[in-house]
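For what it's worth, this note's numbering labels the leading residue of the sequence shown as 1022, then goes sequentially. As structure tokens, the structure follows; a few thoughts come after it.
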Amino acid sequence: NAPLEVSFTGSGSTDDVGVVSHSWDFGDGGSSTLADPVHTYSSPGSYTATLTVQDGEGRVDSSTIGIVVTDPNYCETGTIIPEYRLDGVWSSGLNDLTVVEGTEVMFSILPNTVGVTVTLADGTVVGDDFNLGPVTISHSGPYVLLSSEGCETTINLTVVPDTLGGRSGVSTGQIDQSSGGFTFNSLESLGTRIFPNPTSGYFKISNYELVGETVRVMIYGTSNRLIFEKEFPNFPGEIELESLYFFQDGIYRVLVSSSNHLTSHSLILKK
């Protein structure tokens, strides 16, 4: 890691008439005429150090060695993953979130074993699990999450007006018990439809505005436990799932998200 101190050895160079001079080029603009110099590389990068020796008869020869200096703050992709809680439900993996006004939002990172600070859109720095509360349009902007190990990721939050007339884009549909049972209409929320509803186990998710995007589907059980999660690259516009066949009757929550789309739906399982 930078800064990196390297000890070089050139005193072992020999020939039949004897070496009379050493010349080092460290590859970063530094040089030395010592046989065994010590040099510090202050910046990350790949360098080639070259030793040139000359003997008593004026003959010269050179040798090279590669030096790699790493960045102590470098983090490989996936070292930390953005995590967020929307209306009490934890999810992760997206750097671009779109929610409607009134959604309760909290940010963190995975893994949860490292510390994190969050720089809010207004520049304020707060600790882990800071609750933004029910958000408004003014909360839109970048939120920078910095781990205690120096790794960084950003969540770009966009808050849009609640044009659905309901809470935070959560569509619960309408239940009609006049027939002696549930008649739950297919849900439509920001263009996403889930049907049939109720379902006996299989159902479809449809939104042709998301064709070609990467869409993530998450299903939460009656105890708010995540029971299904899958990403669909190059979303075709409509998919069919058979995810609930082996679960008990009840109301399940289905989250459908992409880089600029997030909807939450209640789905009734009734076999």
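For glycine and all other residues, C-beta sits at the position ideal for the given N, C-alpha and C. Predicted model only: the values in this text are computed from it and were never measured.
Requested in this report: Take the Cβ of Tyr1229 as the centre, count every other Cβ of all protein chains shown within 10 Å, and call the residue buried at 16 or more, exposed below.
Outcome: exposed
Query - Per DSSP, the bridge partner or partners of Tyr1164 - result: Ile1176
Report task. Could you say which of Tyr1273, Gly1258 and Ile1130 lies nearest to Ser1227 if we only look at CA atoms? Result -> Gly1258
Query raised in the report: Within 10 angstroms of its Cβ, does Gly1202 collect 16 or more other Cβ (buried), or is it exposed?
Result: Note that Gly1202 has pLDDT 31, beneath the 50 cutoff, so the model's placement of it is unreliable and the number below is only indicative. With fewer than 16 Cβ atoms within 10 Å of its Cβ, Gly1202 is classed as exposed.
Query raised in the report: So, are the CB atoms of Thr1030 and Asp1057 less than 7 Å apart?
Result: yes
Requested in this report: Take Leu1025 and list the residues in its own chain whose beta-carbon comes closer than 6 Å to its own, dropping the five residues that flank it on each side.
Outcome: Tyr1062 and Val1090
Query raised in the report: Nearest to Ile1088 by alpha carbon, out of Ser1064, Asp1270, Gly1109 and Asp1082?
Result: Ser1064
Query - Expected contact under 8 Å - CB spacing of Ser1113 and Ile1102 to nearest Å - result: 5 Å
Query raised in the report: Among Gly1109, Val1180, Leu1118 and Asp1149, which residue has its Cα nearest to the Cα of Ser1169?
Result: Asp1149
Query raised in the report: Which residues mark the beginning and the end of the beta strand (DSSP E) in which Lys1292 is found?
Result: No beta strand (DSSP E) holds Lys1292; DSSP gives it neither H nor E.
Query raised in the report: On the three-state DSSP scale, how would you describe Leu1265?
Result: coil
Query raised in the report: So what does DSSP say about Ser1169, is it helix, strand or coil?
Result: coil
Query - Three-way DSSP call (helix, strand, coil) for Ile1260 in this model - result: strand
Requested in this report: Count the other C-beta atoms from every protein chain shown that fall within 10 angstroms of the C-beta of Ser1028, then say buried if there are 16 or more, exposed otherwise.
Outcome: exposed
Query raised in the report: Taking all protein chains shown into account, do 16 or more other C-beta atoms lie within 10 angstroms of the C-beta of Ile1158, making it buried, or fewer, making it exposed?
Result: exposed
Query raised in the report: What's the gap between the Cα of Gly1212 and the Cα of Lys1225?
Result: 14 Å
Report task. Could you check which residue in Leu1055, Ile1272, Asp1082 and Leu1167 has the C-alpha nearest to that of Ile1130? Result -> Leu1167
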